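There are 2 protein chains.
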Amino acid sequence: MNFSKQRELILDVLRQNPIHPTADKLYELVRPLMPSISLATVYRNLNQLVDNGSIRKISGLDGAVHYDHCVEKHYHFICTCCNKVYDVPYNVAEDLEQKLKSFTGLEAQSTELTFKGLCSDCQKSN
Amino acid sequence: MNFSKQRELILDVLRQNPIHPTADKLYELVRPLMPSISLATVYRNLNQLVDNGSIRKISGLDGAVHYDHCVEKHYHFICTCCNKVYDVPYNVAEDLEQKLKSFTGLEAQSTELTFKGLCSDCQKSN
DNA sequence: AATAAAAATGATAATGATTATTATTATCAA
DNA sequence: TTGATAATAATAATCATTATCATTTTTATT
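Taken in sequence, the protein lines are chains X and R. Position one of the first sequence corresponds to residue 1 (the numbering used here), numbered consecutively onward. Position one of the second sequence corresponds to residue 127 (the numbering used here), numbered consecutively onward.
And the structure:
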């Protein structure tokens, strides 16, 4: 696998800011470190990193796709108030693909489990 | 709850075409029955139907939001080849919200579980 | 039934996220 | 060093969705 400076930087910044950012947010984070970088380059490299399995997409949020530097099996909780994305450990629901197969015969290549609700921060402030 | 002719028609067509269509696809299906209807009206009414719990959104597909006339608890399988959305019965994974709560303390208002892979049709044709 | 108020519509402009295009630049093997 | 290939920055184009607004429909009230 070949890495351009831009792709390396994007991956580094994503790994050092595990906040499940959007492409736009990542652009904002990367720009101070490489002011000449283009938003299109951010999108292009994020897609490539997803394709080669280095990172993961999180969809299901309002509009924009978010990116996850963690490729270990886990799930997500999205706060309906502040829109923050929280990680949910895998042991909340294990072997879903296996259950899918035994119930339906279908074989899953990937599984996305996302909960929505109020996070504890937003519960307090209401 | 109040229903305009347009809203009633949109809901009817969605219920009679349980193919998890996008707003655009639904517009295409409704137009022959009411040629004067506007795409904006389709979007507006779909949002209202979602808000009052008559239908559900499915996100996580490439780009567009899909709509589900079935509000019973269930999950989805999306074919990575033909992009069709299949229903997955609830008993594949029950009480996920309860498990989430006991593991993390978080309370989910909604849960979305989506598998991706090749459907049996697409497996055959490859 | 008449009518004022409220809600919904159709048409279309505007927005926001993402992808495509294109001319230019970086990388690297021969 | 050259030529081939891949990647880039800039920006135009696309696609899904929402906002706007003048007009029409529905609803409630007299």
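Beta carbons: idealized from backbone N, C-alpha and C, even for Gly. Predicted model, so just to flag it, every value in this text is computed and none were measured.
Any Cβ of chain R within less than 8 Å of the Cβ of residue i?
{"i": "V85 of chain X", "result": "no"}
{"i": "K124 of chain X", "result": "no"}
{"i": "P89 of chain X", "result": "yes"}
{"i": "K73 of chain X", "result": "no"}
{"i": "A108 of chain X", "result": "yes"}
{"i": "K5 of chain X", "result": "no"}
{"i": "E28 of chain X", "result": "no"}
{"i": "T22 of chain X", "result": "no"}
{"i": "L100 of chain X", "result": "yes"}
{"i": "K116 of chain X", "result": "yes"}
{"i": "E8 of chain X", "result": "no"}
{"i": "L11 of chain X", "result": "no"}
{"i": "I19 of chain X", "result": "no"}
Given a threshold of 16 other Cβ atoms within 10 Å of its Cβ, counted over all protein chains shown, does residue i qualify as buried or as exposed?
{"i": "R7 of chain X", "result": "buried"}
{"i": "G53 of chain X", "result": "exposed"}
{"i": "M1 of chain X", "result": "At M1 of chain X the pLDDT is 46, less than 50, meaning the model places this residue with poor confidence; the figure from the coordinates comes in the next sentence. Exposed: under 16 other Cβ atoms inside 10 Å."}
{"i": "E154 of chain R", "result": "exposed"}
{"i": "E72 of chain X", "result": "exposed"}
{"i": "G63 of chain X", "result": "exposed"}
{"i": "N45 of chain X", "result": "buried"}
{"i": "E220 of chain R", "result": "exposed"}
{"i": "G105 of chain X", "result": "exposed"}
{"i": "C79 of chain X", "result": "buried"}
{"i": "P144 of chain R", "result": "exposed"}
{"i": "C119 of chain X", "result": "buried"}
{"i": "F77 of chain X", "result": "buried"}
{"i": "P215 of chain R", "result": "exposed"}
{"i": "L33 of chain X", "result": "exposed"}
Using beta carbons (cut-off 8 Å, strictly below), is residue i in contact with chain X?
{"i": "M127 of chain R", "result": "Its pLDDT being 48, under 50, M127 of chain R is placed unreliably in this model, and the value from its coordinates should be taken loosely. Not closer than 8 Å to any Cβ of chain X, the Cβ of M127 of chain R fails to qualify, so no."}
{"i": "Q142 of chain R", "result": "no"}
{"i": "A190 of chain R", "result": "no"}
{"i": "L239 of chain R", "result": "yes"}
For the candidate residues the options, whose alpha-carbon lies nearest to that of residue i?
{"i": "E223 of chain R", "options": "X:G117, X:V50 and X:D24", "result": "X:G117"}
{"i": "L113 of chain X", "options": "R:D247, R:S162, R:R157 and R:V218", "result": "R:V218"}
{"i": "I55 of chain X", "options": "X:K101, X:F103 and X:V13", "result": "X:V13"}
{"i": "D194 of chain R", "options": "R:K151, R:M160, R:Q249 and R:S162", "result": "R:K151"}
{"i": "P147 of chain R", "options": "R:C196, R:I163, R:S164 and R:H200", "result": "R:C196"}
{"i": "A234 of chain R", "options": "X:I58, X:T111, X:Q123 and X:S110", "result": "X:Q123"}
{"i": "F115 of chain X", "options": "X:D121, X:F3, X:V65 and X:L61", "result": "X:L61"}
{"i": "A149 of chain R", "options": "R:K227, R:L165 and R:R157", "result": "R:L165"}
{"i": "R31 of chain X", "options": "X:D51, X:Q16, X:I10 and X:Y86", "result": "X:I10"}
{"i": "L49 of chain X", "options": "X:S4, X:H74 and X:N83", "result": "X:S4"}
{"i": "S251 of chain R", "options": "R:I184, R:V191 and R:C207", "result": "R:C207"}
{"i": "H200 of chain R", "options": "R:N209, R:V191 and R:K183", "result": "R:K183"}
{"i": "L226 of chain R", "options": "X:D87, X:S102 and X:K101", "result": "X:D87"}
{"i": "N47 of chain X", "options": "X:H66, X:V85, X:F103 and X:I37", "result": "X:H66"}
Consider the C-beta atom of residue i and the heavy atoms of the ligand GDP; say whether any pair is separated by less than 7 Å.
{"i": "V156 of chain R", "result": "Ligands in the displayed structure: none, and consequently the ligand GDP is not present."}
Pull out every residue of the region 159-186 of chain R whose Cβ sits closer than 8 Å to any Cβ of chain X, in chain order. S185 and G186
Can you check the region 15-82 of chain X for any beta strand (DSSP E) of at least 3 residues that lies completely inside it and give the ranges in chain order? 56-58, 66-68 and 75-79
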